[in-house]
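Peer 1: Here you go, one structure.
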Ligand SMILES: Nc1ncnc2c1ncn2[C@@H]1O[C@H](COP(=O)(O)OP(=O)(O)OP(=O)(O)O)[C@@H](O)[C@H]1O
Ligand SMILES: [Mg+2]
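Protein chains in written order, with our numbering: chain A, 465 to 659; chain B, 135 to 389.
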């Protein structure tokens, strides 16, 4: 279970999050929406313990956590397959498994390419493959389906939905259709929190 | 013509050009004592190379210089890690490294001669030249690590060793390579300069010193030629090795 209690974050003069609480049980799926710059990524970073809130508490009982960041964040010195394998055993044992995930995301032909040889949208899909591969208990995705055309997005959404199982999902998106496709309860930003 | 071949040919032509300039200059001077010709130097080099002492001398000098350089690389990487982690260490060590860089090598050689045995001075001096460069580049490499990748490692709960091997080391490696590229030559030359001043038995420096003592200019040139060739070879081999480390790490994940 992920439990964010009365989280407040301010950057300089700007109160981004104001006593914002959010609970995520096993298998629960929630989408955060709101205008650009409102604080969606900030809340995700707090949930991932990457940012210490000014006040409030974070407790996370999930052991395996995966994230699709707003940027692909691939290791430039590893190939696509190696980047996925990195979060598996990171050894020869799971290379095939890593390739299979890339295949599911329609990157079968690109598994030996380096990130610099992939387009932005392809890198994003490698990053999604990397997040789904370890079968996380908590998956945080920050605008994961941008830079994809309609048809591809639908297929990637389906792969994601199939892979989720009973993982808890915290999805950030500008597109409520994506949220519904993944079975998320949609929360909207209002006055420093998501309701 | 294929570009690699044409490049090699151009290089060869440049080498031939300068060798001819040397040869003409030697002919114009006309005194082997002042400027020996190419042929005389080559003959001398071959004569030297047919003695066991020559190879023993090379081996001992290489051993001294490489010992110094390798120790300095290890120490430089370790201090780089230390000063990256600790602000106090950084504040304490930065001025020392700057001092090392700007003090004339001759001062260090004389000092080291007072402190250390003859055989140890070239080792120490070669290392001293390399240390600040390796330290500075390691520190730059560490400072340049992408914080987003470290966040990734934290979210996916990488063990420390994995973070080091997969993120830290690959970020530092190119800087280390650049450090070696610029510092190897430095260490090599300073090590031999130290040998010239401390004349340890079986050393290139001692041979150079003696050639100068007996006004054997041709021999001086022959030894110098050997040093230049060696320095070139060693740089090649070591950079290859450094690349090898990087590649092995890549191949490991691939296989
Ligand atoms: N490290 C930081 N330093 C200062 N201000 C920051 C920092 N990170 C975020 N902010 C500010 O906090 C606010 C919320 O940022 P955040 O990235 O959470 O927005 P977002 O909702 O994810 O927007 P988008 O949809 O554009 O990604 C913004 O006004 C931003 O300027
Ligand atoms: Mg954002």
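Backbone N, C-alpha and C define an ideal beta-carbon position, used for all residues, glycine too.
1) Answer with yes or no whether the minimum CB distance from residue 184 of chain B to chain A is below 8 Å.
2) Do you know offhand how far residue 369 of chain B's Cα is from residue 594 of chain A's?
3) Any Cβ of chain B within less than 8 Å of the Cβ of residue 565 of chain A?
4) Restricting to runs no shorter than 4 residues, where is the alpha helix (DSSP H) found entirely within the region 606 to 641 of chain A?
5) Roughly how many angstroms separate the alpha carbons of residue 382 of chain B and residue 578 of chain A, rounded to a whole number?
6) Could you check which residue in A:619, A:614 and A:553 has the C-alpha nearest to that of residue 567 of chain A?
7) If you drop the 5 nearest sequence neighbours on each side, which residues of the same chain put their C-beta closer than 8 Å to that of residue 257 of chain B?
8) Between the alpha carbons of residue 331 of chain B and residue 378 of chain B, how many angstroms are there, rounded?
9) Can you confirm whether the region 240 to 251 of chain B touches the region 330 to 344 of chain B when touching is taken to mean that 3 or more C-beta pairs between the two stretches lie within less than 8 Å?
10) Closer than 7 Å between beta carbons: that is the criterion. Which residues of the region 534 to 566 of chain A meet it against chain B?
11) Which of the three DSSP states, helix, strand or coil, is assigned to residue 478 of chain A?
12) So is residue 349 of chain B buried or exposed if we call it buried at 16+ other beta carbons inside 10 Å?
13) CB of residue 687 of chain A to nearest heavy atom of ligand 1: below 7 Å?
14) Who are the Cβ neighbours of residue 320 of chain B in its own chain at under 6 Å, not counting the five residues just before and after it?
15) Assuming contact is defined by CB atoms lying nearer than 8 Å, are residue 646 of chain A and residue 621 of chain A in contact in what I supplied?
16) Are three or more beta carbon pairs between the region 182 to 189 of chain B and the region 234 to 245 of chain B nearer than 8 Å?
17) Let me know the secondary structure DSSP gives residue 645 of chain A once reduced to three states.
18) Give me, in chain order, the residues of the same chain whose beta-carbon lies closer than 8 Å to that of residue 482 of chain A; leave out the 5 immediate sequence neighbours on both sides.
19) Taking contact to mean at least 3 C-beta pairs separated by less than 8 Å, is the region 585 to 594 of chain A in contact with the region 553 to 561 of chain A?
20) Between the Cα of residue 302 of chain B and the Cα atoms of B:310, B:279 and B:315, which residue gives the shortest distance?
21) Looking at chain A, is there any beta carbon in it that lies within less than 8 Å of the beta carbon of residue 282 of chain B?
22) Okay, do the region 529 to 548 of chain A and the region 598 to 616 of chain A touch, 3+ Cβ pairs below 8 Å being the bar?
23) May I ask you to report which of helix, strand or coil DSSP gives residue 653 of chain A?
24) Run through the region 172 to 236 of chain B for me and flag every whole alpha helix (DSSP H) of 4 or more residues, listed as ranges in chain order.
25) Against residue 243 of chain B, what residues of chain A qualify as contacts under a CB-to-CB distance less than 8 Å, listed in chain order?
26) Indicate whether at least one CB of chain A lies closer than 8 Å to the CB of residue 388 of chain B.
27) Select from B:352, B:360, B:137 and B:260 the residue whose C-alpha is nearest the C-alpha of residue 172 of chain B.
28) Is it right to say residue 603 of chain A is buried, meaning 16 or more other beta carbons lie within 10 angstroms of its own, or is it exposed?
29) For chain B, find out if any of its Cβ atoms is closer than 8 Å to the Cβ of residue 512 of chain A; answer yes or no.
30) Note down the Cα distance separating residue 304 of chain B from residue 541 of chain A, rounded to an integer number of angstroms.
31) Assuming residue 529 of chain A is part of the beta strand (DSSP E), what are its boundary residues?
32) Who are residue 524 of chain A's beta bridge partners in DSSP?
33) Going along the chain, which residues put their C-beta within less than 6 Å of some heavy atom in ligand 2?
Peer 2: Taking the geometry as given:
1) As a position in the second chain, residue 184 of chain B is number 50, starting the count at 1. Answer no: the Cβ-Cβ gap between residue 184 of chain B and chain A never drops below 8 Å.
2) If you number the second chain from 1, residue 369 of chain B lands on position 235. If you number the first chain from 1, residue 594 of chain A lands on position 130. In a straight line, the C-alpha of residue 369 of chain B is about 40 Å away from that of residue 594 of chain A.
3) Here residue 565 of chain A corresponds to residue number 101 of the first chain, with the count starting at 1. Chain B, which has no Cβ nearer than 8 Å to the Cβ of residue 565 of chain A, makes this no.
4) 614 to 628
5) Locating residue 382 of chain B in the second chain gives position 248, where the first residue counts as 1. Locating residue 578 of chain A in the first chain gives position 114, where the first residue counts as 1. Caution is warranted here: a pLDDT of 49 is assigned to residue 382 of chain B, below 50, making its placement in the model unreliable, and no coordinate value can be reported.
6) For the purposes of this step, residue 567 of chain A is taken as residue 103 along the first chain, with counting starting at 1. For the residues A:619, A:614 and A:553, the minimum Cα distance to residue 567 of chain A belongs to A:619.
7) As a working note, residue 257 of chain B is residue 123 in the second chain. Closer than 8 Å at the Cβ level, and outside the excluded window around residue 257 of chain B, lie 198, 199, 201, 202, 205 and 325.
8) Your numbering for residue 331 of chain B matches position 197 in the second chain. Your numbering for residue 378 of chain B matches position 244 in the second chain. Taking the straight line from one Cα to the other gives about 36 Å.
9) yes
10) 535, 537, 539, 541, 542, 546, 549, 550, 551, 554 and 556
11) Looking up residue 478 of chain A in the first chain gives position 14. It is a strand residue.
12) Against the second chain, residue 349 of chain B aligns to sequence position 215. Exposed, since its Cβ has fewer than 16 Cβ neighbours within 10 Å.
13) Residue 687 of chain A is absent from the structure shown; chain A starts at 465 and stops at 659.
14) As a working note, residue 320 of chain B is residue 186 in the second chain. Answer for residue 320 of chain B: 263, listed in chain order.
15) Position 182 of the first chain, counting from 1, holds the residue named residue 646 of chain A. Position 157 of the first chain, counting from 1, holds the residue named residue 621 of chain A. Yes, the Cβ-Cβ distance between residue 646 of chain A and residue 621 of chain A is below 8 Å.
16) no
17) Here residue 645 of chain A corresponds to residue number 181 of the first chain, with the count starting at 1. Helix, per DSSP.
18) Here residue 482 of chain A is taken as the residue at index 18 of the first chain, counted from 1. Answer for residue 482 of chain A: 472, 655, 656 and 657, listed in chain order.
19) no
20) As a position in the second chain, residue 302 of chain B is number 168, starting the count at 1. Looking at the Cα atoms, B:279 is the closest of the given residues.
21) Taking the second chain and counting its residues from 1, one reaches residue 282 of chain B at position 148. With 8 Å as the cut-off, residue 282 of chain B counts as an interface residue toward chain A.
22) yes
23) As a working mapping, residue 653 of chain A is identified with position 189 in the first chain. Three-state DSSP puts residue 653 of chain A in a strand.
24) 172 to 183, 186 to 219 and 221 to 236
25) Sequence index remark: in the second chain, residue 243 of chain B carries index 109 (1-based). Within chain A, no residue comes near residue 243 of chain B; the closest Cβ sits about 40 Å away, beyond 8 Å.
26) Residue numbering aside, residue 388 of chain B sits at position 254 when the second chain is read from its first letter. The pLDDT assigned to residue 388 of chain B is 39, lower than 50, so where the model puts this residue is not dependable; a value taken from the coordinates is nonetheless given after this. True, the Cβ-Cβ gap to chain A drops below 8 Å.
27) Working through the second chain from its first residue, we reach residue 172 of chain B at position 38. Of the candidates B:352, B:360, B:137 and B:260, the one whose C-alpha sits nearest the C-alpha of residue 172 of chain B is B:352.
28) The sequence position of residue 603 of chain A within the first chain is 139, counting from 1. Buried.
29) Residue mapping note: residue 512 of chain A aligns to position 48 of the first chain, counting from 1. So, interface residue.
30) As a position in the second chain, residue 304 of chain B is number 170, starting the count at 1. As a position in the first chain, residue 541 of chain A is number 77, starting the count at 1. Spanning the two alpha carbons is a distance of roughly 7 Å.
31) As a working note, residue 529 of chain A is residue 65 in the first chain. Taken as a continuous stretch (DSSP letters only), the beta strand (DSSP E) holding residue 529 of chain A covers 529 to 532.
32) By 1-based counting over the first chain, the position of residue 524 of chain A is 60. Looking at the DSSP assignment, residue 524 of chain A forms a beta bridge with A:466.
33) A:504, A:505, A:534 and A:606
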